[in-house]
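Quick mapping for you: the protein sequence lines, in order, are chains U and X. Counting with my numbering, you get residues 39 to 438 for the letters of the first sequence. Counting with my numbering, you get residues 39 to 438 for the letters of the second sequence. Where is the CB? At the ideal position from N, CA and C, for every residue including glycine. Accompanying notes for the structure given below.
2 protein chains.
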Amino acid sequence: MSAKGPLSGVKVLDLTAVVVGPSCTLTLAEQGADVVKLEPPEGDLLRKLGGPAPSPDMSPKFIHFNRGKRSIAVDLKSAAGLAVLARLVDQADVLVTNMRSGALERLGITWEALSARNPRLVFCIIAGFGKRGRYHDSPAYDTIVQGASGFAAALGRVLGEPRFAPFVLCDHITGIIASQAITAALYARERSGEGQAIEVPMFESMAHFVLTEHMFRRTFDPEGPTGDPRVMNPDAKPIPTSDGYIAVSANTDAQAFAFFDAIGRPELRDDPRFNSVGARFRNVDAYFKLRAEALSTRSTAEWAAEFRRREIPAMPYNTIEGLLEDPHLWEAGFLRRENHPTEGPMIGLGRPVTFSAAGPDELPLAPRLGADARSVLADAGYTEAEIAALIGGAVLAPPG
Amino acid sequence: MSAKGPLSGVKVLDLTAVVVGPSCTLTLAEQGADVVKLEPPEGDLLRKLGGPAPSPDMSPKFIHFNRGKRSIAVDLKSAAGLAVLARLVDQADVLVTNMRSGALERLGITWEALSARNPRLVFCIIAGFGKRGRYHDSPAYDTIVQGASGFAAALGRVLGEPRFAPFVLCDHITGIIASQAITAALYARERSGEGQAIEVPMFESMAHFVLTEHMFRRTFDPEGPTGDPRVMNPDAKPIPTSDGYIAVSANTDAQAFAFFDAIGRPELRDDPRFNSVGARFRNVDAYFKLRAEALSTRSTAEWAAEFRRREIPAMPYNTIEGLLEDPHLWEAGFLRRENHPTEGPMIGLGRPVTFSAAGPDELPLAPRLGADARSVLADAGYTEAEIAALIGGAVLAPPG
């Protein structure tokens, strides 16, 4: 295997934008795949919508979701642009898109058409809603799926009114799910010799996420309650200390009893409300409240040391700024100081997962719009003269 | 390829418990892998901790996370139990565990030992914290990682105090990430002939999830703000109607202008606060507030029809109970009435992803503890006499 990672040599044609697709192809790129990001002439919307950066089209969110990819900007509204796409499809192992199926059909990007050209292609559509149900081809954005999938409702159980998680959460999770499905189809192709079409619907994927956890008693009983009360407890939050917060998880008897000792309440181990896993589960409100009340007198660092000494699972709570200074993340090579060719010094993110057969994780940083037009076209077999004719026409002139 | 899915024929030895590992191996099972869940004699903790069911050890959360798997209960504290594990490793393509590395070393479950027996093995450790940093081998539970990774902090930005999402969120997401990493290593093995060791750390994985979205301007500027204000807006929530809530996402000019028409405020398309994507982004507080105020006069169904007519992306908000009645999810075969051999009639969850080369998604329901001891041992080459000698000793007698 190449030193670059388990997906080295896999060629991915990436017709995705914003978060759901780029989250998928980031995982593939981190593992060595050659991801060609085919953008419209105006670029992925996320270039501008993901926060301020030195350049107006290199938002930080775009930068983090698109490292390790090459960019080519192609006008698919022109016949010449569609011809470029067809040549790239011939070379590709994977084509992934989050365009709606109506738009894909107008462009001729269908499994029937593409598999006729390249039967080994893995063709993945990330959809809002799966084609087997009535919402098929309805437009979906992250918050629409947070609302429809019950994620907002789960937050609402705790907070008193439904609300969205402060993440592009359903896009982000569905993208990871799509990266797995694509990888599975690549595995199957090694054995069968054939590609296939995959559909990854956001709504069904997130309904799966929510209902595995929260169908609860209604699984068996049409009148039974939904929602796991242990994680929906209003006191399920980091616990205030004298100078911050800490997260502590004392689940087994050994951990809970050590916790009672640590807070100077050893008698609680004999309290029938708290003397077993089952008892603490039944009295989770009282147990969480007791924990919350116990920790306000000492600092986060003192409690962290105390819990470590007693082998009680705990970690200080991090703000987002604090996370960026976490020594473990720098030691692990996950956080790294890098220098973007146009954006200058920046903090980059490494690959969280390690593979023993992979070399070091050294992905290039995210590309400017169209920056790799020449190398992508050359790899697809275009001659210098053909490339010169395309650039500035159906293919956007690369900067510089 | 088998009709069962892209991972048909892959044998997974599953030494995981609760959510992070079962979420990983559920994905593999849904795609056709033969997942053998090796449980301790007392069973996966989630059997009892995941809510009430007809049987005391078949909690709904356990049932949903463990369908399509076989169960064998083995006492790994005995030499005979460890010998069973070794025989199963010889047959396996994948071993995945979320036990801490100290415990694994005491049991001799290390990459060095196992790859000597089976060099084609893919060996995946799902860890709390990666081995390259100082927190390595610290205990991790979901809420500890929610607190440490900045997820609780992101919620805190919106809510005024840090809190956990009401899901076993970091376990659940990291499990999906692990399923992709394992699948990638299987793909690489088809090409190299060799297995490898994978480490999937929860903390780094979730720091990646949080920071791709929220490193924001601090990516480039040590004093710059973190946190994407668009998703952290306090009004980023489903919008109340006269009888419920609706989620609507009007991002492009065409969508926003159609929305202004729908609410009877066509003049807003000329308002400099709202007349372009950039203007609405800069005035997101005012834009969200305006949307929230506009919808209280009509019902969710009326607004949904109005928005559909005007091609404005929107979907009614679902409660968890409402989600279980959603017609799309039943039509798609994702929600299904099933009959568990011991738990009786229940609602089961299908595979959200579809693969064109896979047959129908017909996974058996989750197993009772030790239910598959005989078939698992027979598949590993044990004779009837050997199986009889093991059952009731190192291998728990299966029920019935």
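Which stretch, first to last residue, makes up the alpha helix (DSSP H) that contains residue i?
i: proline 60 (chain X); result: 58 to 68
i: leucine 207 (chain U); result: 207 to 230
i: tyrosine 325 (chain U); result: 322 to 332
i: isoleucine 358 (chain U); result: 358 to 361
i: valine 122 (chain X); result: 117 to 129
i: proline 365 (chain X); result: 365 to 369
i: arginine 255 (chain U); result: Where arginine 255 (chain U) is concerned, there is no enclosing alpha helix (DSSP H), given that its DSSP letter is neither H nor E.
i: alanine 203 (chain X); result: Where alanine 203 (chain X) is concerned, there is no enclosing alpha helix (DSSP H), given that its DSSP letter is neither H nor E.
i: serine 93 (chain U); result: Element bounds for serine 93 (chain U): n/a, residue is neither H nor E.
What is the rounded straight-line gap between the Cα of residue i and the Cα of residue j?
i: arginine 172 (chain X); j: lysine 42 (chain X); result: 43 Å
i: leucine 45 (chain U); j: aspartate 175 (chain U); result: 31 Å
i: valine 248 (chain U); j: serine 187 (chain U); result: 7 Å
i: arginine 85 (chain U); j: valine 57 (chain U); result: 11 Å
i: glutamate 359 (chain X); j: arginine 255 (chain U); result: 11 Å
i: tryptophan 368 (chain X); j: arginine 389 (chain X); result: 13 Å
i: alanine 404 (chain U); j: arginine 108 (chain X); result: 44 Å
i: glycine 441 (chain U); j: methionine 253 (chain U); result: Nothing about residue 441 (chain U) can be reported from this structure: the residues present for chain U run from 39 to 438 only.
i: glycine 81 (chain U); j: aspartate 180 (chain U); result: 20 Å
i: methionine 384 (chain U); j: valine 160 (chain U); result: 35 Å
i: threonine 250 (chain X); j: proline 92 (chain X); result: 43 Å
i: glutamate 363 (chain X); j: phenylalanine 202 (chain X); result: 28 Å
i: alanine 317 (chain X); j: valine 322 (chain U); result: 47 Å
i: valine 73 (chain X); j: aspartate 309 (chain U); result: 41 Å
i: threonine 279 (chain X); j: leucine 361 (chain X); result: 18 Å
i: lysine 115 (chain X); j: isoleucine 211 (chain X); result: 31 Å
i: alanine 288 (chain X); j: proline 379 (chain X); result: 48 Å
i: glycine 70 (chain U); j: glycine 59 (chain U); result: 17 Å
i: phenylalanine 393 (chain X); j: alanine 216 (chain U); result: 11 Å
i: arginine 374 (chain X); j: arginine 268 (chain U); result: 26 Å
i: valine 50 (chain U); j: glycine 419 (chain U); result: 16 Å
Determine the extent of the beta strand (DSSP E) in which residue i is found, giving its start and end residues.
i: aspartate 494 (chain U); result: The shown model of chain U, from 39 to 438, leaves out residue 494 (chain U), and the question about it has no answer.
i: phenylalanine 161 (chain U); result: 160 to 165
i: arginine 412 (chain X); result: First-last for arginine 412 (chain X): 411 to 417, but that is the alpha helix (DSSP H), not the beta strand (DSSP E).
Could you tell me which residues DSSP pairs with residue i in its beta bridges?
i: tyrosine 173 (chain U); result: Answer is none; tyrosine 173 (chain U) lacks a bridge partner.
i: valine 439 (chain X); result: No statement about residue 439 (chain X) is possible, as the shown extent of chain X runs from 39 to 438 and does not include it.
i: alanine 111 (chain X); result: X:Glu77
i: aspartate 72 (chain U); result: U:Lys49
i: alanine 235 (chain U); result: U:Phe161
i: glutamate 376 (chain X); result: X:Met384
i: valine 433 (chain X); result: X:Val112 and X:Ile429
Could you have a look at residue i and say whether DSSP puts it in helix, strand or coil?
i: phenylalanine 345 (chain U); result: helix
i: threonine 135 (chain X); result: strand
i: threonine 392 (chain U); result: strand
i: serine 40 (chain X); result: Caution applies to serine 40 (chain X), whose pLDDT of 42 falls short of 50 and renders its modelled position unreliable; the model cannot decide the point.
i: valine 315 (chain U); result: helix
i: glycine 382 (chain X); result: strand
i: methionine 353 (chain U); result: strand
i: tyrosine 420 (chain X); result: coil
i: glutamate 400 (chain X); result: coil
i: isoleucine 425 (chain U); result: helix
i: valine 286 (chain U); result: strand
i: proline 278 (chain U); result: strand
i: glycine 438 (chain U); result: The predicted position of glycine 438 (chain U) is uncertain, since its pLDDT is 49 and thus under 50; no value can be drawn from it.
i: valine 183 (chain X); result: helix
i: aspartate 273 (chain U); result: coil
i: serine 243 (chain X); result: helix
i: isoleucine 101 (chain U); result: helix
i: proline 304 (chain X); result: helix
i: arginine 406 (chain X); result: coil
i: alanine 178 (chain X); result: coil
So the candidates are the options; which of them puts its Cα closest to the Cα of residue i?
i: methionine 240 (chain X); options: X:Thr221, X:Phe167 and X:Asp299; result: X:Phe167
i: glycine 119 (chain X); options: X:Glu77, X:Ser413, X:Phe326 and X:Gly70; result: X:Glu77
i: glycine 146 (chain U); options: U:Gly233, U:Pro157 and U:Leu123; result: U:Leu123
i: glycine 282 (chain U); options: U:Ala274, U:Arg307, U:Thr335 and U:Asp299; result: U:Thr335
i: leucine 415 (chain U); options: U:Phe103, U:Arg125 and U:Phe100; result: U:Arg125
i: tyrosine 325 (chain X); options: X:Thr338, X:Ala339, X:Phe345 and X:Arg303; result: X:Arg303
i: cysteine 162 (chain X); options: X:Val433, X:Thr54 and X:His378; result: X:Thr54
i: valine 196 (chain X); options: X:Asp273, X:Ala332, X:Asn156 and X:Arg346; result: X:Asp273
i: threonine 264 (chain X); options: U:Pro98, U:Gly213 and U:Gly419; result: U:Pro98
i: leucine 152 (chain U); options: U:Ala121, U:Asp291 and U:Asp209; result: U:Ala121
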